[in-house]
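Asks: For the sequence shown, the numbering used here puts the final residue at 598, and the numbers step up evenly by one.
Beta carbons: idealized from backbone N, C-alpha and C, even for Gly.
Submitted below is the structure of interest, expressed as structure tokens.
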Amino acid sequence: AGVRAYAAVDLGASSGRVMVGRVGPDSLELSEVHRFPNRPVRLPEGLRWDILALHRGVLDGLRAAGTRSGGRLASVGIDGWAVDHGLLDADGALLGNPVHYRDARTEGVAEQVWATVPAAELYAATGLQYAPFNTLYQLVAARPTVQFARAARALLVPDLLTYWLTGEQGTELTNASTTQLIDPRTRTWAHGVAGRLGVDLGLFPPLRQPGDPAGRLRPEVLEETGLAGPVPVTAVASHDTASAVAAVPATGERFAYICTGTWSLAGLELTAPVLTEESRAANFTNELGLDGTVRYLRNIMGLWLLQECVRAWGEPDLDVLLRAAAAVPALRSVVDAGDEAFLAPGRMPERIAEACRATGQPVPGTRAETTRCILDSLALAHRRAVADAQRLAGHPVDVVHVVGGGTRNALLCQLTADACGLPVVAGPAEAAALGNVLVQARAHGLVGDLADMRRLLVRTLPPTRYAPRGNGARWREAEARLAAR
Ligand code: LFR
């Protein structure tokens, strides 16, 4: 009794998932009902997302979710990766495939922007780390194009898919905070910066808060999914990382988190942004989270490094590879997993080898050695981010929560505990989908505040613990190797 079914669409850089979450006053259950690949396409004009295939995947997933929940979905919510968006004309028609954040069009654009608003001022006003793909830089890069001249609207990817489901447009706040056009203190548009740069904020529909209603499935969508209406759509924390952080099963405030997947997003949950020059130099970002929180974190290349190697090697079995990597001596060579040089796709094993050579370290000779180098490097980057965040925010921690797909990688979790010198509490793997479900359930009064959501997670999904080994000396030495560069 009192249990309701919610569909959570969670879009990652390599796959999309539709999950059904059943939530009751004291229960929470999640099951995957549909998974579909998200394969970007290289066109003559550049790297693009196949957005119609994603919409198709969402529809197929909603059909499966309906079947699984006896046709009674209490609501639907969509989260996904950040910064990317589609441009729509004045009739509401999409003007082209959304550009992938790894596309090269933003090369050199940041410098151009900084000539008008210096990097330090931009950081003080928006709190966003420098990444070439921040929406602001993408919009400036798009300016000379014919497509942009016709654009009347910009919709972030989860907002675009929500629009296709409901016909209603909005800009969800947590994801909007990754555009570099939001002031993290006021949690609304940064009009000053936008004005100076000539960016028309009218491109974006009005802000929506997580939990706000986002319309109902359109009749055509009901027909295609076999669902019986009305089915409401709820704005969730539509940035996947914001949903994942909401589902960190923390019990106090002295915790760091690492959301692992294609990226590792490592940092703290704060109640106010850190906008100091030191923080900017350390490339920490202040993205917005649920209930007035700030996600103070650093982007680390993450398992992307391994995914790209695995792709280059013709997709060998991952478990076999990880077992072999566990047997390789630790910390022989490490690379800087925060380096933008690893952003673009292609030739990853060679690029890792080149980075090792350039820092005078042994070049990994086998796949197992390359894999070990990547995992050691990620753990080292986790260590640095967790230490830097505590120092810069003046917010000490006693535990590191690891959530997301990387929690399935026991070696990475153990190395992260060793590197940080702190216990790692790993899980849930499907944090983003859980955060998505819980925000919907909360909008229906089934759960209370963020702390309440987390209590429910702790009770229902026991995590795995990793105790730190060693005294950190070897990690300090490896850190020095990279710093000496
Ligand atoms: C993770 C993520 C990161 C964001 C990157 C690009 O999936 O959303 O938070 O920096 O993808 O959008």
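So the candidates are Leu-528, Gly-558, Ala-506 and Leu-563; which of them puts its Cα closest to the Cα of Trp-588?
Replies: Here residue 588 is taken as the residue at index 475 of the sequence shown, counted from 1. Here the closest residue by C-alpha is Leu-528.
Asks: Leaving out five residues before and five after Arg-578 in sequence, what residues of the same chain have Cβ atoms less than 8 angstroms from its Cβ?
Replies: As a working mapping, residue 578 is identified with position 465 in the sequence shown. Same-chain partners within the cutoff: Pro-536, Val-537, Val-538 and Ala-539.
Asks: Based on the DSSP output, what are the partners of Asp-192 in its beta bridges?
Replies: As a first step, residue 192 must be located in the sequence shown, where it is residue number 79. Its beta-bridge partners are Asp-123.
Asks: Going by beta-carbon coordinates alone, are Gly-451 and Ala-494 separated by less than 8 angstroms?
Replies: Looking up residue 451 in the sequence shown gives position 338. Looking up residue 494 in the sequence shown gives position 381. Yes, these two residues count as a Cβ contact at 8 angstroms.
Asks: Sorry if obvious, but does the Cβ on Thr-354 come closer than 7 angstroms to a heavy atom of the ligand ADP?
Replies: The ligand content of the structure shown is limited to the ligand LFR, which means the ligand ADP is not among them.
Asks: Less than 8 angstroms between the beta carbons of Leu-167 and Leu-274, yes or no?
Replies: Position 54 of the sequence shown, counting from 1, holds the residue named residue 167. Position 161 of the sequence shown, counting from 1, holds the residue named residue 274. Yes, Cβ-Cβ distance for Leu-167 and Leu-274 is below 8 angstroms.
Asks: Just curious, the alpha helix (DSSP H) that Phe-261 is in, first and last residue?
Replies: Translated into the one-based positions of the sequence shown, residue 261 becomes position 148. Segment 259-263, the alpha helix (DSSP H) holding Phe-261.
Asks: What's the C-alpha gap between Asn-412 and Val-344?
Replies: In the sequence shown, residue 412 corresponds to position 299, counting from 1. In the sequence shown, residue 344 corresponds to position 231, counting from 1. Spanning the two alpha carbons is a distance of roughly 36 angstroms.
Asks: Going by the C-beta, is Asn-412 closer than 7 angstroms to any heavy atom of the ligand LFR?
Replies: If you number the sequence shown from 1, residue 412 lands on position 299. Yes, since a heavy atom of the ligand LFR falls inside the 7 angstroms radius drawn around the Cβ of Asn-412.
Asks: Grab me the residues of Gly-405's own chain with a C-beta within less than 8 angstroms of its C-beta, minus the 5 sequence neighbours each way, in chain order.
Replies: In the sequence shown, the residue the question calls residue 405 occupies position 292. Cβ within range, chain order: Arg-300 and Thr-384.
Asks: According to DSSP, what are the bridge partners of Pro-345?
Replies: Here residue 345 refers to the residue found at position 232 when the sequence shown is read from its first residue. For Pro-345, which the question treats as bridged, DSSP gives the partners Arg-329.
Asks: Nearest by alpha-carbon distance to Val-407: which of Leu-418, Ala-379 and His-147 is it?
Replies: Translated into positions along the sequence shown, residue 407 becomes position 294. Answer by Cα proximity: Ala-379.
Asks: Quick test of your reading: Gly-240 and Pro-386, contact by CB under 8 angstroms. State the CB separation rounded to the nearest angstrom.
Replies: By 1-based counting over the sequence shown, the position of residue 240 is 127. By 1-based counting over the sequence shown, the position of residue 386 is 273. Indeed, because the Cβ distance is near 5 angstroms, the residues count as touching under 8 angstroms.
Asks: Using a Cβ-Cβ cut-off of 8 angstroms (strictly less than) and excluding sequence neighbours within five positions of Leu-208, which residues of its own chain qualify?
Replies: Position 95 of the sequence shown holds residue 208. Taken in chain order, the residues that qualify are Gly-199, Leu-200, Leu-201, Asp-202, Gln-260, Arg-263 and Ala-264.
Asks: In three-state terms, what does DSSP make of Arg-521?
Replies: Against the sequence shown, residue 521 aligns to sequence position 408. Residue state, collapsed to three classes: helix.
Asks: Quick check on this structure: which residue in Asp-216, Leu-419, Leu-491 and Ala-498 has the alpha carbon closest to the alpha carbon of Leu-381?
Replies: For the purposes of this step, residue 381 is taken as the residue at position 268 of the sequence shown. Here the closest residue by C-alpha is Ala-498.
Asks: May I ask whether a heavy atom of the ligand LFR can be found less than 7 angstroms away from the beta carbon of Asp-214?
Replies: Here residue 214 corresponds to residue number 101 of the sequence shown, with the count starting at 1. Looking at the sequence shown, residue 214 is not Asp but Tyr. It does: the Cβ of Tyr-214 is within 7 angstroms (strictly closer) of some heavy atom of the ligand LFR.
Asks: Between Arg-521, Cys-533, Thr-573 and Asn-288, which has its C-alpha nearest Glu-592's C-alpha?
Replies: By 1-based counting over the sequence shown, the position of residue 592 is 479. The candidate whose alpha carbon is nearest that of Glu-592 is Cys-533.
Asks: Going by beta carbon distance, what residues of the same chain come within less than 6 angstroms of Ala-237, once the five residues before and after it are set aside?
Replies: Indexing the sequence shown from 1 puts residue 237 at position 124. Here the set comprises Leu-388.
Asks: Under the assumption that Gly-328 contacts Glu-281 (Cβ atoms under 8 angstroms), give the Cβ distance between them as a whole number of angstroms.
Replies: By 1-based counting over the sequence shown, the position of residue 328 is 215. By 1-based counting over the sequence shown, the position of residue 281 is 168. Indeed they touch by this definition, with Cβ atoms about 4 angstroms apart.
Asks: Provide the residue span of the alpha helix (DSSP H) that contains Arg-567, from first to last.
Replies: For this step, residue 567 is matched to residue 454 along the sequence shown. 563-573 is the extent of the alpha helix (DSSP H) around Arg-567.
Asks: Helix, strand or coil, according to DSSP, for Leu-268 in the structure here?
Replies: Against the sequence shown, residue 268 aligns to sequence position 155. Correct three-state label for Leu-268: strand.
Asks: Please name the residue in Arg-521, Gly-315 and Ala-126 whose C-alpha comes closest to that of Glu-543.
Replies: Translated into positions along the sequence shown, residue 543 becomes position 430. Answer by Cα proximity: Arg-521.
Asks: Does at least one heavy atom of the ligand LFR sit under 7 angstroms from the Cβ of Leu-378?
Replies: For the purposes of this step, residue 378 is taken as residue 265 along the sequence shown, with counting starting at 1. Yes, since a heavy atom of the ligand LFR falls inside the 7 angstroms radius drawn around the Cβ of Leu-378.
Asks: Asn-584 to Leu-444, Cα distance in whole Å?
Replies: In the sequence shown, the residue the question calls residue 584 occupies position 471. In the sequence shown, the residue the question calls residue 444 occupies position 331. In a straight line, the C-alpha of Asn-584 is about 15 angstroms away from that of Leu-444.
Asks: Any idea what DSSP makes of Tyr-409, helix, strand or coil?
Replies: Residue 409 sits at position 296 when you count from the first residue of the sequence shown. In this structure, Tyr-409 counts as strand in the three-state DSSP scheme.
Asks: Taking the alpha carbon of Ala-350 as the reference point, which residue from Gly-190, Gln-420, Arg-298 and Asn-210 has its own alpha carbon closest?
Replies: As a first step, residue 350 is located in the sequence shown; it is residue number 237 there, counting from the start. Answer by Cα proximity: Gly-190.
Asks: What does DSSP give as the partner residues of Leu-378 in its beta bridges?
Replies: As a first step, residue 378 is located in the sequence shown; it is residue number 265 there, counting from the start. Answer is Cys-372 and Asn-412.
Asks: Within this structure, are the beta carbons of Ala-556 and Thr-347 separated by less than 8 angstroms?
Replies: Walking along the sequence shown from the start, residue 556 turns up at place 443. Walking along the sequence shown from the start, residue 347 turns up at place 234. For Ala-556 and Thr-347, yes; Cβs fall inside 8 angstroms.
Asks: Could you check if Thr-375 belongs to the surroundings of the ligand LFR, using beta carbon to heavy atom distance under 7 angstroms?
Replies: Mapped onto the sequence shown, residue 375 falls at position 262. Indeed, a heavy atom of the ligand LFR lies less than 7 angstroms from the Cβ.
Asks: Whole angstroms are fine: how far does the CA of Val-515 sit from the CA of Arg-567?
Replies: Within the sequence shown, the letter at position 454 stands for residue 567. Within the sequence shown, the letter at position 402 stands for residue 515. Taking the straight line joining both Cα atoms gives about 14 angstroms.
Asks: Taking the alpha helix (DSSP H) that His-168 belongs to, which residues open and close that run?
Replies: Taking the first residue of the sequence shown as position 1, residue 168 is located at position 55. Looking at the DSSP string, the run of the alpha helix (DSSP H) that includes His-168 is 164-181.
Asks: Would Ala-217 and Gly-159 be called neighbours here (beta carbons separated by less than 8 angstroms)?
Replies: Position 104 of the sequence shown, counting from 1, holds the residue named residue 217. Position 46 of the sequence shown, counting from 1, holds the residue named residue 159. Yes. Within cutoff.
Asks: Any chance the CB of Ala-223 is under 7 angstroms from a heavy atom of the ligand LFR?
Replies: Numbered from 1 along the sequence shown, position 110 holds the residue referred to as residue 223. False, no ligand heavy atom lies under 7 angstroms from that Cβ.
Asks: Going by DSSP, name the residue or residues bridged to Gly-199.
Replies: In the sequence shown, residue 199 corresponds to position 86, counting from 1. Looking at the DSSP assignment, Gly-199 forms a beta bridge with Leu-268.
Asks: In chain order, what residues of the same chain lie with their CB nearer than 7 angstroms to the CB of Glu-145, ignoring the 5 residues before and after it?
Replies: Within the sequence shown, residue 145 is the residue found at index 32, counting from 1. Contacts found: Arg-130 and Met-132.
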